[in-house]
Amino acid sequence: MKINSLDIGDAVQLLRSGEIVSLPTETVYGLAGAINQPEAIAKIFKIKERPFFDPLIVHVSSVAQAKMQVSQWPKSADILASAFWPGPLTLVLPKAKHISDLITSGLNTVGIRWPKHSLTEAVIHELAIPVAAPSANKFGKTSPTEAKHVVQEFSGQVPVLDGGSCSVGLESTIIQIDDSSTKPILKILRPGVISAKSIENEFKSKKVNFSWQQAGEEIMAPGQIKHHYMPSVPLVLIEQDIESSKVKEYLTYEVQKKLHKKILYPASLDLSEDPSIAARQLYSQLRKTAEQKNVDLIYFIKKPIHNNDLWLAFFDRLQKAASLRI
Ligand code: TXA
Ligand code: MG
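All letters in the sequence shown, in the order written, are residues 465 to 790 by the working numbering.
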């Protein structure tokens, strides 16, 4: 069932008049405002209860439009954009003058992404102005992958363009490009389904040299903040081998002690063993499980099959969503 009757034209009109609208993308739903509407941008921070040090991603609907939002468009940006756009990859590049400090939190760089969702691509195209959009959830909480999640999160206060369930389900890979030396230096600020390996392959196939820089301790993207994506009841990530018959006992004893909370109804997070399906399911299952009657704790057991690079972005989110890892 569709959430409401908002269509592409309505969304464009709202954005044009300085309102915010939740738009679907392939990763998660965004909370969008046109970049030339400072009041809309301010409203995004307010309604999300998001700290101003946390910059927003600017969403475009073409490479030409992306180029207009930055002051440099190096060859490495071309390589990445032509390989992965539209898609779940955000490029961080030096910003153009018209991109406001509110959007970038005062940084001289801007995160740019061309999302792959026909409705949102049509909205941006028709608006002819990019939209700044964080994920459409309260700061630190689980990201929305269905229109109804956005309605719940903001108690129906935000109009939503319903584009169905998000096909990827985890936020975009964020990659910073530093093109100031002889070869580009790339840094992954937030892992996503576009992996370091697939990025590396693109450069190799184009015979372009580059180097990786490890993301440092400094927090550049709140995706790097320790706790994020948290569901409404505590999540425990069990990383050790426990016999399945012992799990409940372990949770009610060990975990109860550690969380200083009586645990009566732990529920396991049920997800596919296929990493792309599990990624798609993660946020909606976290919400669904937390909403089950009486459930006061969610747990997930890490298994040997998860020790694989394809699960990297998934566990990045799960670890941050967890109140406890044992
Ligand atoms: O898939 C996605 O990226 C989704 C959809 C809606 O596009 N958006 C998303 O936005 O996840 P948000 O705001 O929840 O997370 C964006 C991250 C933040 O951690 C922010 O700090 C980082 O992007 N970011 C944005 N601009 C940046 C910049 N100039 N430098 C470093 N990090 C930046
Ligand atoms: Mg977010």
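Even glycine gets a Cβ: it sits at the ideal position worked out from N, Cα and C.
Neighbourhood of Ser669 by C-beta distance below 8 Å, restricted to the same chain and skipping five residues each side: For Ser669, where only same-chain residues beyond five positions count, there are no Cβ hits under 8 Å.
Beta-carbon proximity of Leu715 to Phe764, cut-off 7 Å: no
Beta bridge counterpart(s) of Ile497 as assigned by DSSP: The question names Ile, yet the displayed sequence has Gly at residue 497. For Gly497, DSSP records a beta bridge to Ala596.
Minimum C-alpha distance to Gln678 - residue among Glu718, Leu479 and Ile652: Ile652
Between the CA atoms of Thr646 and Gly628 - distance to the nearest angstrom: 44 Å
Euclidean distance between Cα positions of Ile567 and Leu495: So the alpha carbons of these two residues sit roughly 13 Å apart.
With 16 other Cβ atoms within 10 Å as the buried cut-off, status of Glu617: By the beta-carbon neighbour count (other beta carbons within 10 angstroms, threshold 16), Glu617 is buried.
Closer than 6 Å: Ser599 CB and nearest the ligand MG heavy atom: yes
For Ser540, the first and last residue of its enclosing alpha helix (DSSP H): Lys539 to Phe548
Per DSSP, the bridge partner or partners of Ile639: In DSSP, Ile639 forms a bridge with Leu555 and Ile652.
Boundaries of the beta strand (DSSP E) in which Ala528 is found, first to last residue: Taken as a continuous stretch (DSSP letters only), Ala528 belongs to no beta strand (DSSP E), being part of the alpha helix (DSSP H) at Val527 to Met532.
From Lys721, Thr573 and Phe548, residue whose alpha carbon lies closest to that of Thr788: It is Leu, not Thr, that sits at residue 788 in the sequence shown. Measuring from the Cα of Leu788, the nearest candidate turns out to be Lys721.
Residue from Tyr717, Ala731 and Leu520 whose Cα sits closest to the Cα of Ala498: Leu520
Coil, strand or helix - Trp775 by DSSP: helix
DSSP bridge partner residues for Val485 (one or two, in chain order): Ala496
Span of the beta strand (DSSP E), counted from its first residue to its last, around Tyr763: Leu761 to Ile765
As assigned by DSSP and simplified to three states, the class of Gly575: Judged by DSSP in its simplified three-state form, Gly575 adopts strand.
Length at least 4, wholly inside the region 670-755: the alpha helix (DSSP H) runs in chain order: 711-714, 720-723 and 739-755
Nearest to Lys671 (by Cα), restricted to the options Ala785, Pro648 and Ala600: Pro648
Buried or exposed by the 16-neighbour rule on C-beta atoms within 10 Å, applied to Leu728: exposed
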